[in-house]
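Beneath this line is the structure, given in structure tokens, with notes to follow.
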Amino acid sequence: MGRIISAYFKGFEQLADPRTRAVILASIAWSGAIFIGLLLVVWFTLGSTVLFTLGWLEGLVDVLGGFATLIFTWLLFPAVVTAVGALMLDRVVGAVEQRHYPHLAIAPGQSFAENLGPTLKFLGVTVGLNLLCLPLLFIPPLFPFVYYALNGYLLSREYFEMVALRRVCASDAEALRQRWKTSLFIAGVGFAFMLTVPILNVIAPIIATAATVHLFEAWRAKDGLKDKTGQNDRGKVALRTPSTNLTDDKMGG
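For the sequence shown, this note's numbering begins at 331 and goes up steadily by one.
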């Protein structure tokens, strides 16, 4: 738990890094645009559906639909902003690595095309599962637990894969995720919570990304995982040996 808290603190500290300011502004702009877009889509969908022929009853439904629009938008916002953010948060990962892990070679990373397919899949699965959870709104004591547990799992997995697949192969990333799945899930619930808090949710993707980098580096240091083979910008193979694994000591063991 101490490692997770430390990673969160470092994630908040990353907001002051000049290299992330452009991403912060982009995140705010994208978050605002996504929220407004979701609001309009949900409002149009509910408003164009006629459920009753009686005018006064349909009017009542429209009023209630306004509240439903806000609720649906709030519930779907974390999934959509994370999916879109995954296409631009690579710069945050790079800034965190330069600041805290300068001994690392430049990551081979993934291309836009490689990221697009998994991102769309994540978006579809997350939105679909959240829609299936909507009936639980009628069971208030249960809904928050299910909502944050579901999104905590999905978001933590998405952020972890976004960070891990830049440096290790898919099989190593999956093995590492399985080994640390409980800690990753706890961190993910925090990500999900931040994304539902107004104002905080516009910078939450940056904090979550930075925190995930610290967790990934600490966990792979314990396992001695090397970088996958690739070429950095100096033409050298990007390779990290276990002797450079200083992260775990910095993260409190």
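Cβ atoms here follow ideal geometry from the backbone N, Cα and C, with glycine treated the same way. Note that the structure is a prediction, hence the values are computed from the model and not measured.
Quick one: what does DSSP say residue i is sitting in, helix, strand or coil?
| i | result |
| --- | --- |
| W510 | coil |
| A437 | coil |
| I334 | helix |
| T456 | helix |
| P408 | helix |
| K556 | coil |
| E463 | Checking the sequence, you will find Cys at residue 463 rather than Glu. Three-state result, C463: helix. |
| M418 | coil |
| L368 | helix |
| T526 | coil |
| R550 | helix |
| D502 | helix |
| I358 | helix |
| L495 | coil |
| L400 | helix |
| I536 | helix |
| L484 | helix |
Look at the alpha carbon of residue i and the alpha carbon of residue j, and state the distance between them as a whole number of angstroms.
| i | j | result |
| --- | --- | --- |
| P606 | S357 | The question about residue 606 has no answer, for the chain in this structure spans 331 to 583. |
| I334 | M524 | 15 Å |
| K552 | G518 | 21 Å |
| L472 | G482 | 15 Å |
| Y338 | W373 | 35 Å |
| H544 | P348 | 19 Å |
| L345 | L419 | 13 Å |
| W360 | A500 | 29 Å |
| S336 | F397 | 38 Å |
| I401 | E491 | 29 Å |
| F468 | V476 | 13 Å |
| L453 | V371 | 16 Å |
| G362 | V527 | 14 Å |
| R421 | K340 | 16 Å |
| P432 | L530 | 29 Å |
| V455 | T399 | 21 Å |
| T542 | P474 | 23 Å |
| K580 | L369 | Confidence in K580 is poor, its pLDDT being 41 and thus under 50, which makes the residue's placement unreliable; the coordinate value appears in the next sentence. For K580 and L369, the distance between alpha carbons rounds to 43 Å. |
| E343 | Q428 | 14 Å |
| P470 | H430 | 42 Å |
| V457 | G447 | 16 Å |
If we count the other Cβ atoms within 10 Å of its Cβ and call it buried at 16 or more, is residue i buried or exposed?
| i | result |
| --- | --- |
| G367 | exposed |
| F546 | buried |
| R351 | exposed |
| A437 | buried |
| G332 | exposed |
| G520 | buried |
Can the beta-carbon of residue i be found less than 8 Å from the beta-carbon of residue j?
| i | j | result |
| --- | --- | --- |
| L434 | D502 | no |
| I364 | I533 | no |
| D557 | V493 | no |
| R496 | V423 | yes |
| A522 | Y478 | yes |
| A548 | V426 | no |
| A413 | T449 | yes |
| V410 | P535 | no |
| L480 | R550 | no |
Is residue i close to chain B? Criterion is C-beta to C-beta, closer than 8 Å.
| i | result |
| --- | --- |
| A541 | The structure shown contains no chain B; it is built from a single protein chain. |
CB of residue i to nearest heavy atom of the ligand SAH: below 7 Å?
| i | result |
| --- | --- |
| E427 | For the structure depicted, the ligand SAH is absent and the ligand set is empty, with no information on it obtainable. |
**Message:** Three or more C-beta pairs under 8 Å: does that hold for the segment 397-406 against the segment 458-467?
**Reply:** Cβ pair count under 8 Å is three or more, so yes.
**Asked** At a cut of 8 Å, does the segment 513-529 reach the segment 483-492 through at least three beta carbon pairs?
**Response** yes
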